[in-house]
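The numbers in the UniProt record's numbering rise by one with no breaks, and the one at position 320 of the sequence shown is 320. Yeah, the Cβ is synthetic: ideal placement off N, Cα and C, and Gly gets one too.
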Amino acid sequence: MSQGFATRAVHGGYDCRSQGGGSASVPIYQSAAFDMVTANRGDALAAGEIEGFSYSRLSNPTVKVLEDRMSSLEGGKGAVAMASGMAAVSSALLCAAEGGGRLISPVDLYGTSVDAMKTFFPNFGIETDFVEDINDLDAVESFIRDDTRAIFAESVSNPSTAIADIPGLADLAHRHGIALIIDNTVPTPYLLNPIDFGADIVVHSTTKGVAGHGNALGGVVIDAGRFDWGNGRYPQMTQPELIISDERRGSMVSFLDAFGSLAFLNRVHTKYLHTFGAVMSPFTAYLQLTGLETLAQRVTTQVRTAETLARHLLSIPQVEYVNYSGIPEGRHRGDADLQDRLSSTMLPKGVGTILSFKVRGGYEQVKRIVDSVHLLAYMPNIGDCRTLIVDPARITHREVPGPYRLSAGVSDDLIRISVGLESPDDLIADLDQAFAVAYQDWD
Ligand SMILES: *Cc1c(COP(=O)(O)O)cnc(C)c1O
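(1) Tell me the rounded alpha-carbon separation between Asn193 and Asn158.
(2) If you follow the alpha helix (DSSP H) that Ile369 is part of, which residue opens it and which one closes it?
(3) Is Met237 close to ligand 1? I mean its beta-carbon at under 6 Å from any heavy atom of the ligand.
(4) For Gly218, which of Ala285, Ile195, Glu307 and Ser418 has the nearest alpha-carbon?
(5) Note down, one range per segment and in chain order, each beta strand (DSSP E) of at least 3 residues found wholly within the stretch 20-87.
(6) Identify every run of the alpha helix (DSSP H) within the stretch 377-410, keeping only runs that are complete inside it and at least 4 residues long; order them along the chain.
(7) State buried or exposed for Ser25, treating a residue as buried only when at least 16 other CB atoms are found within 10 Å of its CB.
(8) On the DSSP letters alone, give me the boundaries of the alpha helix (DSSP H) that Gly291 sits inside.
(9) Do the stretch 120-128 and the stretch 238-258 meet, that is, are 3 or more Cβ pairs less than 8 Å apart?
(10) Give me, in chain order, the residues of the same chain whose beta-carbon lies closer than 8 Å to that of Asp165; leave out the 5 immediate sequence neighbours on both sides.
(11) How many angstroms separate the CA atom of Gln318 from the CA atom of Val359?
(12) Would the beta-carbon of Tyr324 fall within 7 Å of that of Ala336?
(13) Span of the alpha helix (DSSP H) holding Thr219?
(14) Go to Asp183, then tell me how far its alpha helix (DSSP H) extends in each direction, as first and last residue.
(15) Under 7 Å, do residue 444 and Leu191 count as touching if we go by C-beta distance?
(16) Pull up the distance between the alpha-carbon of Asp183 and that of His269, whole angstroms please.
(17) Check the C-beta distance from Pro187 over to Gly352 and give it rounded, since I have them as a contact under 8 Å.
(18) Closer than 7 Å, CB to CB, is Gly225 near chain D or not?
(19) Report the partner residues of Leu355 according to the DSSP bridge assignment.
(20) Only counting runs of 4 or more residues, tell me where the alpha helix (DSSP H) segments fall wholly within the stretch 157-217, in order along the chain.
(21) Is DSSP giving Phe152 helix, strand or coil here?
(22) Who are the Cβ neighbours of Met346 in its own chain at under 7 Å, not counting the five residues just before and after it?
(23) I'd like to confirm something about Gly85: is its beta-carbon nearer than 6 Å to some heavy atom of ligand 1, or not?
(24) With DSSP as the reference, please indicate the residues paired to Asp246 in a beta bridge.
(25) What residues match up with Leu103 in a beta bridge as DSSP calls it?
(26) In whole angstroms, what is the alpha-carbon distance linking Ala170 and Ile181?
(27) Quick test of the definition: if touching needs 3 or more C-beta pairs under 8 Å, does the stretch 215-229 touch the stretch 67-87?
(28) Report the three-state DSSP secondary structure of Asn123 (helix, strand or coil).
(29) Name the one or two DSSP bridge partners that Tyr321 has.
(30) Go ahead and pull the three-state DSSP assignment for Ser2.
(31) Can you give me the start and stop residues for the alpha helix (DSSP H) that Thr270 sits inside?
(32) Measure the CB-CB distance between Ala81 and Val107 and report whether it falls below 7 Å.
(33) Keeping to the same chain, check which residues put their C-beta closer than 7 Å to that of Phe53; ignore five residues upstream and five downstream.
(34) Looking at Gly99 and Asp147, is the spacing between their C-beta atoms short of 7 Å?
(35) Indicate the three-state DSSP secondary structure (helix, strand or coil) for Pro348 in the structure shown.
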């Protein structure tokens, strides 16, 4: 039987009896290259016939432990760590749609992801069909074409906290032979494992709840290892590639031939990580492994405080509504019954550690609240053990085209809070005094 989540969060991917010379914490292998020892071993390493390390852009022992631990926590078959969440998101989407494919995505996503699909990926011949509500499965299906390669969504979206119908989307995608890629950053693997509900690929910004201390950027792509990349939709997986073949022996193979159900992960690693080079540093991997050790405990506390704050905000007359799908009064986007059902079936331990709320008055009041908080920090990050506040329309979602931003509910009078580990009473007191300042001449 597999070990419990909290055990894997502390031990996954690392056994100090056989690795790291007995070191309790995972050693930081701060080395660009590794001795390959003999020509035969170097040849086998380069051919991928044996596991080992030669050069840190290809693989690094500290980073490898983080990959194995994240894969274990998500129930995947393997993972590739990268320098940031956007490196992971972009690599996964480009790898799926490579060579002129299409994507289907909602608009309520992390701002840079929307911008990438809307205005940048088309320059590479990759178009995205945006749907207003990703849980409207008929609308999603109406966009599926012969060249559609993936459906992409955030499990819990940032900043609306709307929950994606992963089982419904997985069913639909798989009926058409299309992969489902889920950004699981907001709930973290502690609250949700999208692979259990049918996702094929999971991506994370490990900068957020995984690191948990706001001290290092990172990302990861995790493969469930069960999608059929040979179903005819993915020519990039079935064409022979020199980089994984052996010209000298006259054998030319494709990613599917060489890696089977792990073709996607290996293509992300061999093509996207090796060529674009957005590798995670060993020091970052070390910090994120340390963060993971307390993920379950941190998120449990943060979810409890987020619920308390959401309820408190609902009692403030100048708050129009609160987006926090973890409580019934906080479900504003999409069908409320479906959100109810998804939160109890997929996210029984909570939906995450961010919430957003719309204030009366508009941007002027948003500015005053942001300028008046003392304990909350005005920062564009989430998942930190410090509580952070931000105005998404001006900061995190600034690059999203206006109509998309509004359709995602990111209006100028919306404020997002990422809930940390402080005493809830202190957070409430700080917000209350900030509201008092912001509305002192308001009637
Ligand atoms: C922050 C974030 C990203 C991007 O991650 P970086 O580490 O900042 O590159 C992607 N998706 C979601 C949901 C995020 O919150």
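In terms of the structure at hand:
(1) In the sequence shown, counting from the first residue as 1, residue 193 sits at position 193. In the sequence shown, counting from the first residue as 1, residue 158 sits at position 158. Those two C-alpha atoms are separated by around 17 Å.
(2) Within the sequence shown, residue 369 is the residue found at index 369, counting from 1. Taken as a continuous stretch (DSSP letters only), the alpha helix (DSSP H) holding Ile369 covers Tyr363 to Ser372.
(3) The residue you call residue 237 lines up with position 237 of the sequence shown. Within the chosen limit of 6 Å, ligand 1 does not reach the beta carbon of Met237 with any heavy atom.
(4) Within the sequence shown, residue 218 is the residue found at index 218, counting from 1. Of Ala285, Ile195, Glu307 and Ser418, the residue nearest in Cα terms is Ala285.
(5) 78-82
(6) Counting only runs that start and end inside the stretch 377-410, the alpha helix (DSSP H) elements of at least 4 residues fall at 402-407.
(7) Taking the first residue of the sequence shown as 1, we reach residue 25 at position 25. Burial call: exposed.
(8) What you label residue 291 is simply residue 291 of the sequence shown in a count that begins at 1. First-last of the alpha helix (DSSP H) with Gly291: Pro282 to Leu292.
(9) no
(10) Here residue 165 refers to the residue found at position 165 when the sequence shown is read from its first residue. Excluding positions up to five away in sequence, the list reads Ile134, Asn135, Leu137, Leu338 and Leu342.
(11) To locate residue 318, count along the sequence shown from 1; it is residue 318. To locate residue 359, count along the sequence shown from 1; it is residue 359. About 6 Å.
(12) Within the sequence shown, numbered from 1, the residue matching residue 324 stands at position 324. Within the sequence shown, numbered from 1, the residue matching residue 336 stands at position 336. Not a contact, by the Cβ cut-off of 7 Å.
(13) Position 219 of the sequence shown, counted from the first residue, corresponds to residue 219. Before going further, note that residue 219 is Gly rather than Thr in the sequence given. Gly219 -> not in any alpha helix (DSSP H); beta strand (DSSP E) instead, spanning Gly219 to Asp223.
(14) Against the sequence shown, residue 183 aligns to sequence position 183. Counting along the chain, Asp183 sits inside no alpha helix (DSSP H); it lies in the beta strand (DSSP E) bounded by residues Ala179 to Asp183.
(15) With the chain covering 1 to 443 only, the question about residue 444 has no answer from this structure.
(16) By 1-based counting over the sequence shown, the position of residue 183 is 183. By 1-based counting over the sequence shown, the position of residue 269 is 269. Approximately 18 Å, taken between the alpha carbons.
(17) Here the question's residue 187 lines up with position 187 in the sequence shown. Here the question's residue 352 lines up with position 352 in the sequence shown. Between Gly352 and Pro187 the Cβ distance is about 5 Å, and since that is below 8 Å, they are a contact.
(18) In summary, chain D is missing from the structure at hand, where a single protein chain is found.
(19) Residue mapping note: residue 355 aligns to position 355 of the sequence shown, counting from 1. Looking at the DSSP assignment, Leu355 forms a beta bridge with Ile417.
(20) 166-175 and 188-191
(21) Taking the sequence shown and counting its residues from 1, the one referred to as residue 152 is at position 152. Shown here, Phe152 sits in a strand according to DSSP, grouped into three states.
(22) Indexing the sequence shown from 1 puts residue 346 at position 346. Same-chain partners within the cutoff: Ile163, Ile166, Leu192 and Phe197.
(23) Taking the first residue of the sequence shown as position 1, residue 85 is located at position 85. Answer for Gly85: yes, Cβ within range of ligand 1.
(24) The sequence position of residue 246 within the sequence shown is 246, counting from 1. In the DSSP output, where bridge partners are listed per residue, Asp246 has Ser251.
(25) The sequence position of residue 103 within the sequence shown is 103, counting from 1. Note: Leu103 sits in a beta bridge opposite Thr128 and Ala150.
(26) The residue you call residue 170 lines up with position 170 of the sequence shown. The residue you call residue 181 lines up with position 181 of the sequence shown. Each residue's alpha carbon lies about 9 Å from the other.
(27) yes
(28) Locating residue 123 in the sequence shown gives position 123, where the first residue counts as 1. Three-state result, Asn123: helix.
(29) Translated into positions along the sequence shown, residue 321 becomes position 321. Partner(s): Lys358.
(30) For the purposes of this step, residue 2 is taken as residue 2 along the sequence shown, with counting starting at 1. Note: Ser2 maps to coil in three-state DSSP.
(31) As a working note, residue 270 is residue 270 in the sequence shown. Element bounds for Thr270: n/a, residue is neither H nor E.
(32) One-based indexing of the sequence shown puts residue 81 at position 81. One-based indexing of the sequence shown puts residue 107 at position 107. Contact: no.
(33) Numbered from its first residue, the sequence shown carries residue 53 at position 53. Exclusion of the five residues before and after Phe53 leaves Phe34, Ser59, Asn60 and Pro61 as the residues of its chain whose Cβ lies within less than 7 Å of its Cβ.
(34) By one-based count along the sequence shown, residue 147 stands at place 147. By one-based count along the sequence shown, residue 99 stands at place 99. Contact: no.
(35) Residue mapping note: residue 348 aligns to position 348 of the sequence shown, counting from 1. The answer is coil: DSSP assigns Pro348 none of H, G, I, E or B.
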